[in-house]
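Enquirer: Dropping a structure here in structure tokens format, bear with me for questions.
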């Protein structure tokens, strides 16, 4: 149960999600899609059903469904056409209010997936996400850009600052990045050309 003394009833929850999803409720479609994607509520994972419901939810303007469909197209399907579709899904998610979707847009720009490669635009996306959401992932990606000179002048000090903010905001990979950068530079954080 939970703090209200209510017992969790996954079968009832699933039944209600199915009923609401069939009536076109985008939030229920999303929950049903995620249930099939991850095996929640006692369902057997089923990729086809997951995609069906997530796609419907995305068409119903659910920003999280747009993110999930973008991730699916970008990292599972991986074709050029799918990467372009992923970029569109991430844009839609962002326009629908999912502020962290801009991180995915930044990754697309950085890697040239679904859109022409544009590291400067990637840095703008990561900076915006970091400022608006304090996302550890955004700060980590910003650190990568400063460390490697992607879209900005290479600046190890700024990279370490960004990695530090990544750690402060829950992204433990920032700690490894700081350690590796110190080892790579023998502790020097001078700007590099």
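Numbering (the working numbering), first residue to last: -19 to 173. Virtual Cβ for every residue (Gly too), placed ideally from N, Cα, C.
Spatial neighbours of residue 67 within its chain, please: C-beta separation below 6 Å, excluding the five flanking residues on both sides.
Expert: Here residue 67 corresponds to residue number 87 of the chain shown, with the count starting at 1. The answer, listed in chain order, is 88, 94, 95.
Enquirer: Mapping DSSP to helix, strand and coil, what is residue 154?
Expert: In the chain shown, residue 154 corresponds to position 174, counting from 1. Note: residue 154 maps to helix in three-state DSSP.
Enquirer: Starting from residue 134, follow the alpha helix (DSSP H) in both directions and report where the run begins and ends.
Expert: The residue labelled residue 134 in the question sits at position 154 within the chain shown. Taken as a continuous stretch (DSSP letters only), residue 134 belongs to no alpha helix (DSSP H), as it is neither H nor E.
Enquirer: With 8 Å as the threshold, decide whether the Cβ of residue 114 is near any Cβ in chain B.
Expert: Here there is only one protein chain, and chain B is not present.
Enquirer: With a Cβ-Cβ cutoff of 8 Å, do residue 127 and residue 139 count as a contact?
Expert: Along the chain shown, one-based indexing puts residue 127 at 147. Along the chain shown, one-based indexing puts residue 139 at 159. Closer than 8 Å, so yes.
Enquirer: Quick check on the DSSP output: the alpha helix (DSSP H) that includes residue 99 runs from which residue to which?
Expert: In the chain shown, residue 99 corresponds to position 119, counting from 1. Where residue 99 is concerned, the enclosing alpha helix (DSSP H) stretches over 99 to 113.
Enquirer: Should residue 18 go down as buried or exposed, given a rule of 16 or more other Cβ atoms within 10 Å for buried?
Expert: Taking the chain shown and counting its residues from 1, one reaches residue 18 at position 38. Residue 18 is exposed by the Cβ-count criterion.
Enquirer: State the DSSP-derived secondary structure class of residue 82, mapped to helix, strand or coil.
Expert: The residue labelled residue 82 in the question sits at position 102 within the chain shown. Three-state result, residue 82: helix.
Enquirer: To the nearest angstrom, how far is it from the Cα of residue 132 to the Cα of residue 64?
Expert: In the chain shown, the residue the question calls residue 132 occupies position 152. In the chain shown, the residue the question calls residue 64 occupies position 84. Whole-angstrom Cα-Cα distance: 25 Å.
Enquirer: Which residue spans inside the region 20 to 88 form an unbroken alpha helix (DSSP H) run of at least 4?
Expert: Correct list: 27 to 39, 43 to 52, 60 to 75.
Enquirer: Helix, strand or coil for residue 160? Go by DSSP, reduced to three states.
Expert: Here residue 160 corresponds to residue number 180 of the chain shown, with the count starting at 1. It is helical.
Enquirer: Could you give the distance in angstroms between the alpha-carbon of residue 0 and the alpha-carbon of residue 30?
Expert: Here residue 0 corresponds to residue number 20 of the chain shown, with the count starting at 1. Here residue 30 corresponds to residue number 50 of the chain shown, with the count starting at 1. Whole-angstrom Cα-Cα distance: 16 Å.
Enquirer: How is the alpha helix (DSSP H) around residue 121 delimited, first residue to last?
Expert: Here the question's residue 121 lines up with position 141 in the chain shown. From DSSP, the alpha helix (DSSP H) with residue 121 extends over 116 to 128.
Enquirer: How about residue 146 and residue 129: do their beta carbons lie closer than 8 Å?
Expert: As a working mapping, residue 146 is identified with position 166 in the chain shown. As a working mapping, residue 129 is identified with position 149 in the chain shown. No. Outside cutoff.
Enquirer: Can you tell me whether DSSP reads residue 4 as helix, strand or coil?
Expert: The sequence position of residue 4 within the chain shown is 24, counting from 1. Reduced to three states, the DSSP call for residue 4 is coil.
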